[in-house]
Amino acid sequence: MAATAAARLALVRRAAAPAPHALAQKAGKATLNQIMQGLRRKSRPGSKSPALDKCPQRKGVCVKVYTTKPKKPNSAVRKVARVRLTNGKTVIAYIPGEGHNLQEHSVVLLRGGRVPDLPGVLYHIVRGALDLQGVQGRMTARSKYGTSKPKQ
């Protein structure tokens with residue numbers, strides 16, 4: 002009886018130990034055979050704005066417009082909107098500039114570009130496009146804020 006128990010224990014230990022090639026894969030190192038055969042693959046970086054599906058901009062509808070506070074050490078009240086895109090994905094987008102006219106069900110245009118001090122905000126709403134007006138009274142960097150040239 003003791004011999005069979007020892008044999009069973011040895012089988013369990015052998016089954017639990019990973020194979021040597023599995024260890025090499027787990028550690029992220031290529032074996033010598035893999036290097037010689039040229040089987041190493043470079044990993045490609047992922048998209049910084051995955052919800053856009055490789056498009057430069059996407060149209061969407063505001064689900065919720067609200068304010069949020071940034072990470073430490075910054076202090077402010079940042080205006081953001083939760084937007085449902087035409088591809089069905091829902092994202093959080095930043096509303097740039099001073100003041101805005103967005104509310105629920107407003108149709109907006111989204112572009113990529115994250116806000117460094119707001120976690121999870123990877124998109125900007127384009128000013129002066131669709132329902133979002135340009136910044137009123139803006140004199141410099143007008144093209145970034147959708148403001149037309151002031152009358153002389």
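For the sequence shown, this note's numbering begins at 2 and goes up steadily by one. For glycine and all other residues, C-beta sits at the position ideal for the given N, C-alpha and C. No experiment lies behind these values; they were computed from the predicted model shown.
Beta-bridge partners of residue i, as assigned by DSSP
i, result
"K80", "T68"
"H125", "Y95 and R112"
"Q58", "R112"
"L86", "G61"
Buried or exposed by the 16-neighbour rule on C-beta atoms within 10 Å, applied to residue i
i, result
"A82", "buried"
"A142", "exposed"
"I36", "exposed"
"A94", "buried"
Under 8 Å between C-beta atoms of residue i and residue j
i, j, result
"L123", "S50", "yes"
"L126", "V108", "Reading the sequence as shown, one finds Ile at residue 126 and not Leu. Against a cut-off of 8 Å, the Cβ pair of V108 and I126 comes out as no contact."
"V64", "R85", "yes"
"L133", "H101", "yes"
"G121", "T148", "no"
"L111", "R41", "no"
"D118", "K43", "no"
Nearest-angstrom beta carbon gap, residue j and residue i [assumed within contact, 8 Å]
i, j, result
"T91", "R79", "The pair is not a contact, with the Cβ atoms about 19 Å apart (cut-off 8 Å)."
"G98", "Y146", "5 Å"
"V62", "H106", "6 Å"
Alpha-carbon spacing of residue i relative to residue j, whole angstroms
i, j, result
"R53", "N88", "The residue asked about is misnamed: residue 53 is Leu in this sequence, not Arg. Cα-Cα distance, rounded: 8 Å."
"Q38", "I96", "51 Å"
"R139", "P151", "9 Å"
"K30", "G47", "21 Å"
"L103", "G114", "20 Å"
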